[in-house]
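Using the numbering used here, read the sequence shown as starting at 3 and increasing by one per residue. All C-beta atoms, glycine included, are put in the ideal place defined by N, C-alpha and C. Bear in mind that the values here come from a model prediction, so they are computed numbers and not experimental data. Below is one structure, written out as structure tokens, with a few remarks after it.
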Amino acid sequence: SRPSEVLTLKDENGNYRTIDFLYREGRSKLDWFKEKGWGFKDTEFVLDDKSGQVGLTGDRYVFSGKMMPDFRNWAENKIGIDIDYTSVPQKAMEVDPPLLNEEFLDNLDDHFSRISFDDKERMMHSHGHCLQEIYLLRNGKFKRFVDCVIYPDNTKHVEKIVALANKYNVVVVPYGGGTNVTQALMLSENEKRMIVSLDMTRMCRIKWVDRANMTA
Numbered sequence: 003s004r005p006s007e008v009l010t011l012k013d014e015n016g017n018y019r020t021i022d023f024l025y026r027e028g029r030s031k032l033d034w035f036k037e038k039g040w041g042f043k044d045t046e047f048v049l050d051d052k053s054g055q056v057g058l059t060g061d062r063y064v065f066s067g068k069m070m071p072d073f074r075n076w077a078e079n080k081i082g083i084d085i086d087y088t089s090v091p092q093k094a095m096e097v098d099p100p101l102l103n104e105e106f107l108d109n110l111d112d113h114f115s116r117i118s119f120d121d122k123e124r125m126m127h128s129h130g131h132c133l134q135e136i137y138l139l140r141n142g143k144f145k146r147f148v149d150c151v152i153y154p155d156n157t158k159h160v161e162k163i164v165a166l167a168n169k170y171n172v173v174v175v176p177y178g179g180g181t182n183v184t185q186a187l188m189l190s191e192n193e194k195r196m197i198v199s200l201d202m203t204r205m206c207r208i209k210w211v212d213r214a215n216m217t218a
């Protein structure tokens with residue numbers, strides 16, 4: 003249940019803070035997604051030193067936890083991948099301080115499931131997965147970052163957030179899985195307004211199913 007006291011996004015020092023009504027321990031997507039690449043932390047290709055075969059870790063997919071005897075040969079001969087070549091990502095990307103619209107934030111009240119000002123979470127929501135973005139993620143720096151990430155969990159939350167954004171001139175960028183390859187999440191470096199990433203993943207309840215038209 004939500005706290006009965008008046009909610010304030012600011013801590014005792016007057017700084018905006020991350021609040022999560024669903025997970026009190028403060029879970030975020032970075033707990034299970036890779037910070038510098040595509041996919042889940044528990045899933046990656048591994049090379050067996052003895053057999054030279056490639057395997058897939060984790061337990062999420064059909065081939066997870068299995069070795070694939072023909073995969074290396076296919077990857078080397080059909081795609082031209084050099085198994086011996088390694089590309090080590092940078093240790094950390096410097097994230098610019100957020101540009102915050104206090105009127106917008108101070109009027110949000112509790113119309114969200116989670117709101118985050120965490121630098122790594124902001125970075126994760128500032129890119130998609132096209133080649134240009136992944137290269138910068140591993141080797142450079144984005145020219146613009148989202149300023150905060152808000153997770154709604156119902157329609158009323160979305161309506162309130164969008165209305166406040168329109169009233170106070172705040173940019174809203176919808177965010178789903180973050181895996182688009184069309185630069186839809188690439189932000190303009192010239193944008194001076196506050197940018198909110200509206201993460202829709204907690205709106206995951208099925209309200210109706212149309213069996214005849216195969217929609218939901």
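In this model, D155 and A94 are separated by some 31 Å (Cα to Cα). For G180, same chain residues with a beta-carbon under 6 Å away, outside a window of 5 residues either side, do not exist. With fewer than 16 other Cβ atoms from the protein chains shown falling within 10 Å of its own Cβ, K80 counts as exposed. Residue burial annotation: D201 is buried, with at least 16 other C-beta atoms found within 10 angstroms of its C-beta. Going by DSSP, I208 is part of no beta strand (DSSP E) at all; its letter is neither H nor E. A214 counts as exposed, since fewer than 16 other beta carbons sit within 10 angstroms of its beta carbon. W210 has its alpha-carbon roughly 11 Å from the corresponding atom of M216. Taking F42 as reference, the option from L58, G54, R124, M188 with the minimal CA-CA separation is L58.
If you look at R146, you'll find it isn't in any alpha helix (DSSP H); DSSP assigns it neither H nor E.
C206 counts as exposed, since fewer than 16 other beta carbons sit within 10 angstroms of its beta carbon. Collapsing the DSSP output to three states places T157 in a helix. Listed in chain order, the non-local C-beta contacts of S115 below 8 Å within the same chain comprise D22, F23, L24, Y153, P154, D155, H159, R204, local neighbours out to five positions each way being set aside. Of R26, D44, F73, the smallest CA-CA separation from D61 is found for D44.
Burial state of E123 is buried, judged by a 10 Å Cβ sphere holding 16 or more other Cβ atoms. Around the C-beta of I197, 16 or more other C-beta atoms lie within 10 Å, and the residue is accordingly described as buried.
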